[in-house]
Every structure is written in structure tokens, then in C-alpha cells.
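Counting along the sequence shown from 1, when you hit position 178 you're at 178 in UniProt numbering, and nothing is skipped either side.
Just so it is clear, CB atoms sit at the ideal spot from N, CA and C, and this is done for glycine as well.
All figures in this text were calculated on a predicted structure; none of them were measured in a lab.
Only one structure is covered here, and it is reproduced in the block below.
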Amino acid sequence: MEMRDDARLADEVEKFSHTADTLSLDTKERMRDVVAPKIKAAVAQREAMVAELTSQPVQAPASELAKADPRRVTITQVRNHPHTYAYLDAANNQLKLIGYTEHGRRHAALVGHIGANVLRRLKFSAREIELAEIAGLLHDIGNSINRNDHGQTGALLAKDILSSLDMPIDEIITIMGAIGNHEEERGHAVSTVAAALILADKSDVHRSRVQNSDPTTFDIHDRVNYAATKSFLRVDTEQRRVTLQLTIDTEMASVMDYFEIFLSRMVMCRRAAEFLGSRFGLSINDVSVL
Ligand SMILES: [Fe+2]
Ligand SMILES: [Fe+2]
């Protein structure tokens, strides 16, 4: 398929995604032919990147780690707990069925990794870094019950996992509070771990998260995620600045589309960054917009 055809079809998706019935079967078929391989390629590319990134936990400096309690519950123990992936897989399957973007192992591991990295670069303690990685891994397991209030239900499911590993109650409460506060409808940065989770979760916008390969049924979330070909949360240690850098294919979604669904998330990120004594920035296609 020629690039020009590609852009024209993308334009058709934009125009007709709400009136898909008016499209001929042939047009729908051709749209799928363009979009499905692109999502597949993005998933493969990103899966390799996430596997590499998350194979090792984000390490605190060696001097900090030496002081850490050797009896602490580690990210590896939580990852290996039999309930962790059972909940995550069930959550993702349920959300996929009702048309949501990917919320499974990949999103969970990446969010944990990004959250831990934010705290490491902003020089928080070794234990806070590890708790952020654990909170990220578990933050969306409540979707195995229902999308609504999945922060609150997920916090309680996480409590079961962490209690069974004998995590001290104060750490369990920190993680429950972070998970219960990660949704933009009602969440607040109530701790360093919660703030890191908010920044990490809201920065995972990417084509590889679209699970629907039929562009004629794309909603605005699919369109914006499909349009995001790169996303990176850059942390400047000296300037204490956390910047979400996005590359958006404006053939597929406008910057306005992005703001329509992400404005409340960006406000939440700004507050989370402030909680960590830093500033939040957003750049789209190399232009600073916040
Ligand atoms: Fe969530
Ligand atoms: Fe999430």
C-alpha cells in the first residue's frame, strides 16, 4: 500500500469512525489491512523493549541497597506470586472484551519500571523506589473485578497478595493508597509512591496499547493511542523536571483529541510532580505545550 493511500485511509478513519455503517465492506477491509499490521508491528517492537526494560528491577544506588532490609518483600517475590499474573491476565481479558486498550502484564511492568525510575532519578530512597515498582505492577489488577472503581478494588486485592508475603502493614498501606489514588476521576498524589504511579501510568500512551484492529470502530482513546508512535517520560535530576515527550501522528488524531481525553490526566501529573518537588512538562512532536 502506497504512503499516499495510507494517509487517505487514515483520513477516512478520522471522518467515518462514528458512522462506520456508511462505509463499504471493501473500504472497511482495506482500512483493516492498513491498521492491523501497524498495531502488530508496534506491539512486537514494544514487547521486546518492555521485556528488556523490566527484566531487571530498577536499582537504587548500591550504597542505598546495602542498607536495605534483606528480609523486605521484593518486586521479584510479588511478580512470582501466583495471583499477580492471574489477576493481570483476567483484567486485561475483560477490558479487551469491552473494547479497552491494553491493561495487562506489559502495561503493569512498564508502569512499575517508569515509576521506580522517576523516584530513582529524583533521588528518593531505595525502598520507595522498590515500592513504586510493586505498586505499578499491581495498580490495575482491580480491572479483573470491574473497570469502575478498579483503583479501590485493586488496592484490596493487592493487600491479599502483599499480606501473604508478610509485607509490613505500613508498606501495604502505602501501596494500597497509591493504587486507590491512580485514577484521574478521584485520585490524588498522597505519597511519593502514589505520585510516581500517577506519572508512570498516565505516560503510557502508545500505538501498541490498541487491542482493536478494526479502525472503523476506533473510539477517541484508540485513535489517540494509535496516533502515539513514541512516548517517553524524561526526568531531569538537576532541574527536577519530569517531561512527557510524545510523538503523535496527526494523520490519525489531532493534538486537540489528545487534550480532550488527557487534560485531566495532565493536571493530575502536574500535581504529582509537584508532590515530588519537581515540575511537570509536556512536549508533543518536539513542541513544549506545558
Ligand atoms: Fe488504572
Ligand atoms: Fe494503568
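Rounded C-alpha distance that separates residue i from residue j
i: Arg127; j: Ile220; result: 38 Å
i: Gly156; j: Met176; result: It is worth fixing the name first, because residue 156 is Leu in this sequence and not Gly. Computed Cα separation, rounded: 7 Å.
i: Ala273; j: Tyr87; result: 29 Å
i: Val118; j: Ala189; result: 14 Å
i: Arg271; j: Glu238; result: 19 Å
i: Glu154; j: Asp140; result: Before going on, a small fix: residue 154 reads as Gly here, not Glu. Gly154 and Asp140: Cα-Cα distance of roughly 6 Å.
i: Ser264; j: Arg71; result: 39 Å
i: Gly99; j: Asp204; result: 17 Å
i: Ile261; j: Thr74; result: 35 Å
i: Gln245; j: Leu290; result: 11 Å
i: Val224; j: Asp257; result: 7 Å
i: Lys159; j: Asn148; result: 19 Å
i: Phe16; j: His81; result: Legend: pLDDT at Phe16 = 48, less than 50; position of this residue unreliable, value from coordinates given subsequently. The alpha-carbon atoms of Phe16 and His81 are separated by roughly 45 Å.
Residues bridged to residue i (per DSSP)
i: Lys230; result: Thr247
i: Arg279; result: Arg241
i: Val284; result: The question names Val, but residue 284 in the sequence shown is Ile. Paired residue(s): Leu246, Val287.
i: Val235; result: Val242
Nonlocal neighbours in the same chain, by C-beta distance under 7 Å from residue i, ignoring five residues either side
i: Arg120; result: Val58, Ala60, Ile129
i: Gly151; result: Gly142, Ile179, Gly180, Asn181, His182, Glu183, Gly187
i: Val255; result: Ile248, Ile284
i: Leu131; result: Glu171, Thr174, Ile175, Val193
i: Arg234; result: Thr243, Gln245
i: Asp214; result: Arg32
Candidates the options, of which the one nearest residue i by Cα
i: His107; options: Met256, Leu97, Asp89; result: Asp89
i: Gly277; options: Phe232, Ser191, Ala253, Ile145; result: Ser191
i: Asp236; options: Val73, Lys123, Thr216; result: Lys123
i: Ala62; options: Ser125, Arg105, Arg46; result: Ser125
i: residue 293; options: Asn80, Arg105, His81, Pro82; result: As displayed, the chain neither begins before 1 nor continues past 290, which places residue 293 out of reach and without an answer.
8 Å CB neighbourhood of residue i in its chain, flanking five on each side removed
i: Val78; result: Thr84, Ile134, Leu137, Leu138, Ile161, Leu162, Leu165
Own chain partners of residue i with C-beta closer than 6 Å, once the 5 adjacent residues on each side are dropped
i: Gly112; result: Glu133, Gly136, Leu137
i: Glu102; result: Arg209, Gln211
i: Asp222; result: Val210, Asn212
> Are at least three pairs of beta-carbons, each pair with one atom in the stretch 63-75 and one in the stretch 218-236, less than 8 Å apart?
Replying inline: no
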